[in-house]
Amino acid sequence: KANCLSFTELLAQGVALISPTMTAALIIPVMFGNTGNWSWCSYALGTLMLLFVALNLNQFARRSTGSGSMYAYICRGLGISAGAIGGWSLLWAYMGIATAGVTGFTIFAGKLLTMAGIDAPPLLLSAICVAAAWFCAWKNVQLSAIMMLACEGLSMLLILALCLIVLGQHHFALDTAQFDTSTFPAANLGLGVVVAIFSLVGFECATAFGDEAKDPLKTIPRAVIMSLLISGAFFVFVTYTMVMGVRGYSTTLDKIDAPLNVLAVLAHVGVLQAPLSLGAMISFFALCLSCINAGGRVLYIMGRHGIVPPVTATSHTKNETPHVAVSLMAGIAMLIAVGGVLGHIATLDLFNFAGTCAAFGFIVPYALITVAAPVYLRAIGQLKAGDIVVCVASLLLLAIPAVGSVYPVPAAPVNAFPYWFLAYLAVGLAWILVLHRRRPTAADSIRDDLRMSHDRFAGEVEGVAPR
13 KANCLSFTEL LAQGVALISP TMTAALIIPV MFGNTGNWSW CSYALGTLML
63 LFVALNLNQF ARRSTGSGSM YAYICRGLGI SAGAIGGWSL LWAYMGIATA
113 GVTGFTIFAG KLLTMAGIDA PPLLLSAICV AAAWFCAWKN VQLSAIMMLA
163 CEGLSMLLIL ALCLIVLGQH HFALDTAQFD TSTFPAANLG LGVVVAIFSL
213 VGFECATAFG DEAKDPLKTI PRAVIMSLLI SGAFFVFVTY TMVMGVRGYS
263 TTLDKIDAPL NVLAVLAHVG VLQAPLSLGA MISFFALCLS CINAGGRVLY
313 IMGRHGIVPP VTATSHTKNE TPHVAVSLMA GIAMLIAVGG VLGHIATLDL
363 FNFAGTCAAF GFIVPYALIT VAAPVYLRAI GQLKAGDIVV CVASLLLLAI
413 PAVGSVYPVP AAPVNAFPYW FLAYLAVGLA WILVLHRRRP TAADSIRDDL
463 RMSHDRFAGE VEGVAPR
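In structure tokens form, the structure reads like this:
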């Protein structure tokens, strides 16, 4: 549905996909296990790293847009094959994060039901999450955005309120232990940044809604930057407060599986445990919905270009949503949940595995868009020295999570995940090569479609002529 999403609704999509509540509820303990008292610093560095990537991404977003734009941007800068690999990687990434959303919903819905004395099968809870998210994505993207804004916004406000209570009980004094340079985790800082990147991936998802955004050349770049800055600041603040709040507890933070609930008990506001679990549950639902929406639009544009079966490019005649693509995304999320149950994988383990796998899928398009930006700027005669500096800095910073995810070698089965992803990429590359051989004119038709999208906005951007 064209011209329906405001800046606030685009921002809601981005923040919901990052899912700050997910990090507060389940990931901060993992960060603490790597970087201890300096965990807040890893989140600050991770935010800075991805800010460089966002600056490269916005070189495109300020000049043109369309559905699945990050895929289209890579095509425009580096060519059709590179763009297809970027889009193929994004599908893996969004699918992994959608699975993390489903499993997170299942975990916290189960906690709430346990509080009420009810025992429900995890697979049933997963099915409820996927079905509800599919319906919202199938029905109306604007309804989806409003629901995600309400879900994630309320959850974040509740967590911030808890943090302020904790800080108040410590008289808002500075926790000097978190700034003690003698405990700086130099050896593990890279691992900490890997965790931070996992927490922050998805900030780019506003670019997937180019055809549905109002005033997209202004609202999308702002939404990309603001979703990253808001989430990054939230992570730094909540991590700092949580590390302070649980100090002295019988169990260290890295061993706590429900840190927000423990923090509420230690702050003598145990009454917040149920609302916090409810907030986490609806936040994970919003995460699943956001991934189905964003991934569906990447799948839609790739279907329109013939890279994946064209049926995925079908729009619902009444709802004006890519109903086939979002249905496929939801169906795969449900199949993964079923596979986890049949494989006797614990729900929390499936959450960790899915999120880790998804991170690989984001790093590839982030690197491609970083290289594509100066190539594109040079092609339109607007490349400056500062743009090259930003590109080089981004690539150097992205190397940290790329290397940190494989060295030191993690324990099984995580050590196999990079190779699974490489195998997935190989399948995608083989498919693309077959496509070019069977349809020699496919690349030309894709370029024509991208050129039309670019030229649609050429008159709105100073210095950009139709191509």
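Note that this note's numbering has the sequence shown beginning at 13, numbered continuously upward.
Think of the CB as a built atom: it goes at the ideal place given N, C-alpha and C, for glycine as much as any other residue.
The structure presented is a predicted model; accordingly, all values stated were derived computationally and were not measured.
Looking only at C-alpha atoms, which of Leu240, Phe297, Asp131 and Asp456 sits nearest to Thr115?
As a working mapping, residue 115 is identified with position 103 in the sequence shown. With distances taken between Cα atoms, Thr115 lies closest to Phe297.
Please classify Asn427 as buried or exposed, where buried requires at least 16 neighbouring CB atoms within 10 angstroms.
Numbered from 1 along the sequence shown, position 415 holds the residue referred to as residue 427. Classification of Asn427: exposed, given that the 10 Å Cβ count is below 16.
Best match in Leu275, Leu169 and Leu23 for proximity to Pro41 [C-alpha to C-alpha]
As a first step, residue 41 is located in the sequence shown; it is residue number 29 there, counting from the start. Out of Leu275, Leu169 and Leu23, the CA that lies nearest to the CA of Pro41 is found in Leu275.
When the Cα atoms are used, what is the spatial distance from Val439 to Ser101?
Numbered from its first residue, the sequence shown carries residue 439 at position 427. Numbered from its first residue, the sequence shown carries residue 101 at position 89. Each residue's Cα considered, the two are about 11 Å apart.
Cutoff 7 Å; reference Ser551; Cβ partners in own chain excluding five residues on either side
Not covered by the structure: residue 551. The range shown for the chain is 13 to 479.
Around the Cβ of Trp52, are there at least 16 other Cβ atoms within 10 angstroms (buried) or fewer (exposed)?
Taking the sequence shown and counting its residues from 1, one reaches residue 52 at position 40. It counts as buried.
Leu284 - DSSP class collapsed to helix/strand/coil
Translated into the one-based positions of the sequence shown, residue 284 becomes position 272. Shown here, Leu284 sits in a helix according to DSSP, grouped into three states.
Here's the rule I'm using: 16 or more other beta-carbon atoms within 10 Å means buried, otherwise exposed. How should Pro134 be labelled?
For the purposes of this step, residue 134 is taken as the residue at position 122 of the sequence shown. A residue is called buried once 16 or more other Cβ atoms fall within 10 Å of its Cβ, and Pro134 is buried on that count.
Are Leu299 and Leu29 close, meaning C-beta to C-beta below 8 Å?
Within the sequence shown, the letter at position 287 stands for residue 299. Within the sequence shown, the letter at position 17 stands for residue 29. Contact flag set, yes.
Run the CB neighbour count on Ser483, radius 10 Å, all protein chains shown included, and call it buried at 16 or more, exposed below.
Outside the displayed range of the chain (13 to 479) lies residue 483, so it cannot be described from this structure.
Specify, as a first and last residue, the run of the alpha helix (DSSP H) that Ser262 falls within.
Here the question's residue 262 lines up with position 250 in the sequence shown. First-last for Ser262: undefined, no H or E at that position.
Given that a residue counts as buried once 16 or more other Cβ atoms are within 10 Å of its Cβ, and exposed if not, what is Phe117?
In the sequence shown, counting from the first residue as 1, residue 117 sits at position 105. Buried is the label assigned to Phe117, since at least 16 other Cβ atoms lie within 10 Å of its Cβ.
Could you tell me how far apart the beta carbons of Gly351 and Phe215 are, in whole angstroms, since I believe they sit closer than 8 Å?
Along the sequence shown, one-based indexing puts residue 351 at 339. Along the sequence shown, one-based indexing puts residue 215 at 203. The C-beta distance from Gly351 to Phe215 rounds to 29 Å, too long to fall under 8 Å, and the pair is not in contact.
Assign Leu434 to one of three DSSP states: helix, strand, or coil.
For this step, residue 434 is matched to residue 422 along the sequence shown. In the structure shown, Leu434 adopts helical secondary structure according to DSSP, grouped into three states.
Considering only the beta carbon of each residue, do Leu69 and Val236 sit closer than 8 Å?
Along the sequence shown, one-based indexing puts residue 69 at 57. Along the sequence shown, one-based indexing puts residue 236 at 224. Val236 sits close to Leu69, with the two beta carbons spaced by under 8 Å.
Quick one, which of Cys217, Gly257, Val248 and Phe249 has its alpha-carbon nearest Ser239's?
As a first step, residue 239 must be located in the sequence shown, where it is residue number 227. If we check each option's Cα against that of Ser239, Cys217 comes out closest.
Below 8 Å, how does it come out for the region 202-215 and the region 171-189: are there three or more Cβ pairs, yes or no?
Note that the region 202-215 does not touch the region 171-189; fewer than 3 beta-carbon pairs, one per stretch, sit closer than 8 Å.
Go to Val353, then tell me how far its alpha helix (DSSP H) extends in each direction, as first and last residue.
Locating residue 353 in the sequence shown gives position 341, counting from the first residue. Here the alpha helix (DSSP H) through Val353 covers His335 to Leu354.
Lys330: which of Leu186, Asn152 and Ala279 sits nearest, CA to CA?
Residue mapping note: residue 330 aligns to position 318 of the sequence shown, counting from 1. Nearest of Leu186, Asn152 and Ala279 to Lys330, Cα basis: Asn152.
Taking Pro287 and Leu137 to be in contact with their CB atoms under 8 Å, please state how far apart those CB atoms are, rounded to whole angstroms.
Along the sequence shown, read from residue 1 onward, the residue named residue 287 stands at position 275. Along the sequence shown, read from residue 1 onward, the residue named residue 137 stands at position 125. The pair is not a contact, with the Cβ atoms about 19 Å apart (cut-off 8 Å).
Where Phe502 and Ile232 are concerned, what is the direct C-alpha to C-alpha distance, given to the nearest angstrom?
Residue numbering for the chain in the displayed model covers 13 to 479; residue 502 lies beyond these limits and cannot be assessed.
Under the rule that 16 or more other beta-carbon atoms within 10 Å means buried, what is Trp104, buried or exposed?
Counting from one through the sequence shown, the residue named residue 104 turns up at place 92. With a threshold of 16 other beta carbon atoms within 10 Å, Trp104 meets it and is buried.
Compute the beta-carbon to beta-carbon distance between Ala345 and Thr111, rounded to the nearest angstrom, for a pair I have assumed lies under 8 Å.
Counting from 1 along the sequence shown, the entry for residue 345 is found at position 333. Counting from 1 along the sequence shown, the entry for residue 111 is found at position 99. Right, their Cβ atoms sit about 6 Å apart.
If the criterion is Cβ atoms closer than 8 Å, does the pair Thr77 and Gly222 meet it?
The residue you call residue 77 lines up with position 65 of the sequence shown. The residue you call residue 222 lines up with position 210 of the sequence shown. Cβ atoms of Thr77 and Gly222: closer than 8 Å.
Exposed or buried, Leu23, counting other C-beta atoms within 10 Å across all chains shown (16 or more means buried)?
By 1-based counting over the sequence shown, the position of residue 23 is 11. It counts as buried.
Determine the DSSP secondary structure at Phe221, reduced to helix, strand or coil.
As a first step, residue 221 must be located in the sequence shown, where it is residue number 209. Here Phe221 sits in strand by DSSP.
Residue nearest to Ile109 in terms of C-alpha spacing, selected from Leu311, Ala379, Leu301 and Gly318
Looking up residue 109 in the sequence shown gives position 97. Among Leu311, Ala379, Leu301 and Gly318, the Cα nearest to that of Ile109 belongs to Leu301.
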